[in-house]
Structure formats: C-alpha cells, structure tokens
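Q:
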Amino acid sequence: MRFDVISLFPDMVSDAAGYGVTGRAIERGLVDLSVWNPRDYTHDKHRTVDDRPYGGGPGMVMKCQPLLDAVDAAKQHNVLANSKVICLSPQGRLLSQELLLDASCYDQLILVSGRYEGIDERFIQHACDEEWSLGDYVISGGELAALIVIDAVTRLIPGVLGDEESAKQDSHFDGLLDCPHYTRPEHSDIGDVPDVLLGGNHADIKRWRMKQALGRTWSRRPDMLGKVTLSAEQDALLKEFRTEVV
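Numbering (my numbering), first residue to last: 1179 to 1424.
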C-alpha cells in the first residue's frame, strides 16, 4: 500500500507517521509514504498557494493549480497503481470502518489535506474521487485527518499487525463496539478480572466477549445496532445482557 499526502506541512505528516504501527510498517516495507507540498508546484516567486474568495468573505481559499500538479506528481510516481484521491473535508462522507476496509483494497491512496477557509471547488470536482470527514466538527487542517486514515488503513494490511486476528476484534470491525479487556494482576483494589476469563474455557470466553460487545453497543451506541443483522445466538446474548443490567 502506498500513501501520498498533499500538505502544506509535510514534516507534520512524515514525522508523526514514523511512530507506532505505521512507523513499523514503513520500516518493514509494507507501506510507502510520501508527502507532496503544493508550494513546490507554484509558478511565482512567492510560492502562492491561496487567494481571496470570489464573492467576498473571510479567510483564504487554496488555489487549483498547485494542488492539481501535486496530485499529478503523486500519480506519476506510481503510474500503474489502482489509486483513489480523497479530499479530507468536514463536508465529506463520515469516516467509517466500511470505508477504511474498501480503501485498504487500493494500491495507492492520495490524501488531500486542506488549509485556510477551504479549497477551490473546481479542484475537488475535477481531481477528487471522494470527500471524507472525521465528524461534525472542524479542525485547522487535513493533516491530522490524513494521519488517522493512514493509521486505520495500515492496520488492515496483511502482515502489519503481529496477530492477524487483532484488527478483526477491534471496535467497529463487525459493526459492534469491542468487548472489555483485562490483564494482570488478577485481583486489585479497584476490581477483579471476571471469572470467565480465568477459567480457560474458550467457548465460554468467546460467548462472554460477544455478549459484552453487544451490550456495550446497545448501551453506548444503539444507533449502530440498527445497522447490524444479529444472528439468533447474538440476539439471545443481547437479551441476556439487557436482563442482567435491569
């Protein structure tokens, strides 16, 4: 998988991506990352990447030409790739595990990080395949959003995580929140590890974890349950959980 980020702050992206799961994936050659600065594709001595908005109003708008050339450069670096260009924007489609799973099937993701008041709409319409949003709020630029996408997609690439089952047990992977997790010590002043996790019966543990995942989703994110088709076993486990907490 190759990630190309279009950003006015390339060090912000490359430095942060050097840590943790993403950093190790880059070191092992499972992921490539390049950052392209639109200022390098300007044609004036001031390296101008923004201008005032037509129609007036506050702030500045990022210009088309430097962004278009930066995206073209990223594509030329990997000509045969099955690529997707994504503009990170508060107006975009809400980021979800489903989107990330789809994105992990591409050879190249080009992530456009906007700044200022916004990006010239002509660039978005002409060059971008989709717009993605972290949520219903605004941050100062798309770099943090790009890093989140890179991290989340990298986790889904075969060979990146030490245990291939780890990503499958994450919250949202199967439309549910994750179950609770515990480690040593077995007993502490603030609570004990549930007995079922200490018994060694893998079937019971699997059943407990599924019931906890269903219960957490029901209590914390009931909207998610409306999007999931539960099996007969899952439906029974959820009813058990709801009975126990009443």
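Note that CB positions come from ideal geometry on N, CA and C, so glycine has one too.
1. Distance, Cα to Cα, G1201 vs I1264?
2. Between L1272 and G1377, what straight-line distance do the alpha-carbon atoms span, to the nearest angstrom?
3. Looking only at its own chain, which residues have a Cβ that is under 6 Å from the Cβ of A1203, when we skip the five neighbours before and after it?
4. What does the Cβ neighbour count give for P1148, buried or exposed, with the cut at 16 atoms within 10 Å?
5. Do you know offhand how far E1364's Cα is from H1380's?
6. Of all the options V1213, V1191, M1240, which has the alpha carbon lying nearest to the alpha carbon of A1251?
7. If I measure Cβ to Cβ from D1228 and keep anything under 7 Å in the same chain, skipping five residues before and after, which residues do I get?
8. Within 10 angstroms of its Cβ, does K1389 collect 16 or more other Cβ (buried), or is it exposed?
9. Which residues does DSSP list as the beta-bridge partners of V1213?
10. Assign R1393 to one of two classes, buried (16 or more other C-beta atoms within 10 Å of its C-beta) or exposed (fewer than that).
A: The short version:
1. Mapped onto the sequence shown, residue 1201 falls at position 23. Mapped onto the sequence shown, residue 1264 falls at position 86. Those two C-alpha atoms are separated by around 22 Å.
2. Within the sequence shown, numbered from 1, the residue matching residue 1272 stands at position 94. Within the sequence shown, numbered from 1, the residue matching residue 1377 stands at position 199. The alpha-carbon atoms of L1272 and G1377 are separated by roughly 41 Å.
3. Within the sequence shown, residue 1203 is the residue found at index 25, counting from 1. Around A1203: V1209, T1332, V1338.
4. The question about residue 1148 has no answer, for the chain in this structure spans 1179 to 1424.
5. By 1-based counting over the sequence shown, the position of residue 1364 is 186. By 1-based counting over the sequence shown, the position of residue 1380 is 202. When rounded, the distance between both Cα atoms is 18 Å.
6. The sequence position of residue 1251 within the sequence shown is 73, counting from 1. With distances taken between Cα atoms, A1251 lies closest to V1213.
7. Counting from one through the sequence shown, the residue named residue 1228 turns up at place 50. The residues are M1238, V1239, M1240, K1241, Y1294.
8. As a working note, residue 1389 is residue 211 in the sequence shown. Buried, by the Cβ-count rule.
9. One-based indexing of the sequence shown puts residue 1213 at position 35. V1213 is bridged to V1183.
10. In the sequence shown, residue 1393 corresponds to position 215, counting from 1. Before going on, a small fix: residue 1393 reads as Gly here, not Arg. Classification for G1393: buried.
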